[in-house]
Amino acid sequence: MSDWKEVYSEILSSYVGRYKARGNSPVRNEILADVKSEILKHEPEDSVGLPTHLRVAIQRVFLPHLDPKDQDDEIAIIQHILAVTRKSWAESCEGEDAREGKAHPTKAGDYKKAFMAFTAVQRIFKEEMDAYDRERRDTKDPKAIGQRNRIIQQWWESVSDERKAEAGRVVEKWNKLGAPKETHDS
């Protein structure tokens, strides 16, 4: 399977300047229709799978600008993708208590400041967050380290409401219980 960024980069980059320069909705709709038709004209040699986060981004950003009949199709596709993703996530992951137990801070210094949902979700879903980061930047390039904060913020915005609610429950528990007894000074 080809990487969608490589396959469509030339087409997308040729339209991005015009799209950003136009402020009114009808002109942007025409540009989006042109991009869609251009992509459909140039079928790739290999199949191209869009990442789930990109599909969600399409729904949130571009859906209002699509033709109404295309909106219905896109909504159905995205809802199916999200349902499958949630189901596979629920089947493959351990329960909320197990995730919380694994991510539970063990050092007293971790409790110096109260936890927030953002910091808790980074601990609970560390592997997923790191994978998202690796997909979006060259981790071997020391100059790209500054991009990590921006990428993690994007990841946080794409986290589902269920996971944010889970992080909120974990934060309440961690802040209420405090550091484990064995880490306290005698």
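Residue numbering for the sequence shown follows my numbering, beginning at 859 and increasing consecutively. Cβ atoms here follow ideal geometry from the backbone N, Cα and C, with glycine treated the same way.
request  = Just tell me which of Lys878, Glu896, Glu888 has its CA closest to the CA of Ser867.
outcome  = As a working mapping, residue 867 is identified with position 9 in the sequence shown. Among Lys878, Glu896, Glu888, the Cα nearest to that of Ser867 belongs to Glu896.
message = One question on the structure: do Leu854 and Glu932 come within less than 8 Å of each other, judged by their Cβ atoms?
response = Only positions 859 to 1044 of the chain appear in this structure, which leaves residue 854 out of reach.
inquiry  = Tell me the rounded alpha-carbon separation between Lys878 and Lys1034.
reply    = Against the sequence shown, residue 878 aligns to sequence position 20. Against the sequence shown, residue 1034 aligns to sequence position 176. Those two C-alpha atoms are separated by around 47 Å.
inquiry  = Quick check on DSSP: helix, strand or coil for Lys1034?
reply    = Mapped onto the sequence shown, residue 1034 falls at position 176. Lys1034: helix per DSSP, three-state reduction.
task = In angstroms with no decimal places, state the Cα-to-Cα distance between Ala1002 and Glu864.
result = In the sequence shown, the residue the question calls residue 1002 occupies position 144. In the sequence shown, the residue the question calls residue 864 occupies position 6. Rounded to whole angstroms, Ala1002 to Glu864 spans 20 Å at the Cα level.
query = Do you know offhand how far Asn882's Cα is from Ala978's?
reply = Reading the sequence shown from its first residue, position 24 is the one you call residue 882. Reading the sequence shown from its first residue, position 120 is the one you call residue 978. Cα to Cα, Asn882 sits roughly 40 Å from Ala978.
key: Residues of its chain near His900, where Cβ-Cβ distance is below 8 Å and the 5 sequence neighbours each way are ignored   = Within the sequence shown, the letter at position 42 stands for residue 900. Same-chain partners within the cutoff: Ile869.
message = Are the CB atoms of Ile982 and Arg994 within a distance shorter than 8 Å?
response = The residue given as residue 994 occupies position 136 in the sequence shown. The residue given as residue 982 occupies position 124 in the sequence shown. Their beta carbons are not under 8 Å apart, which means Arg994 does not touch Ile982 by this criterion.
ask   = If you run the structure through DSSP and keep just helix, strand and coil, what is Met974?
value = As a first step, residue 974 is located in the sequence shown; it is residue number 116 there, counting from the start. Reduced to three states, the DSSP call for Met974 is coil.
ask   = Closest by CA to Glu1020, which one among Leu898, Arg876, Val885, Gly953?
value = Numbered from its first residue, the sequence shown carries residue 1020 at position 162. Considering only alpha carbons, the answer is Gly953.
query = Is it buried or exposed for Ser1044, if we count other Cβ within 10 angstroms and need 16 for buried?
reply = As a working mapping, residue 1044 is identified with position 186 in the sequence shown. For Ser1044, the pLDDT reaches just 47, beneath the cut-off of 50, and the residue's location in the model is therefore unreliable, although a value from the coordinates is still provided. Under this definition Ser1044 is an exposed residue.
query = In three-state DSSP terms, what is Val885?
reply = As a first step, residue 885 must be located in the sequence shown, where it is residue number 27. Helix at Val885.
ask   = Where do the ends of the alpha helix (DSSP H) carrying Ile1009 lie?
value = Numbered from its first residue, the sequence shown carries residue 1009 at position 151. Unbroken alpha helix (DSSP H) run through Ile1009: 1006-1016.
query = First and last residue of the alpha helix (DSSP H) that includes Ala989?
reply = On the sequence shown, position 131 is the one that residue 989 refers to. Ala989 -> alpha helix (DSSP H) spans 984-994.
query = Would DSSP call Pro926 helix, strand or coil?
reply = Within the sequence shown, numbered from 1, the residue matching residue 926 stands at position 68. Here Pro926 sits in helix by DSSP.
key: Start-to-end residues for the alpha helix (DSSP H) that takes in Ala961   = For the purposes of this step, residue 961 is taken as the residue at position 103 of the sequence shown. Taken as a continuous stretch (DSSP letters only), the alpha helix (DSSP H) holding Ala961 covers 954-961.
message = If you reduce the DSSP assignment to three classes, tell me which class Ser1044 lands in.
response = By one-based count along the sequence shown, residue 1044 stands at place 186. Unreliable placement is indicated for Ser1044, whose pLDDT of 47 sits below 50; no coordinate value is reported for it.
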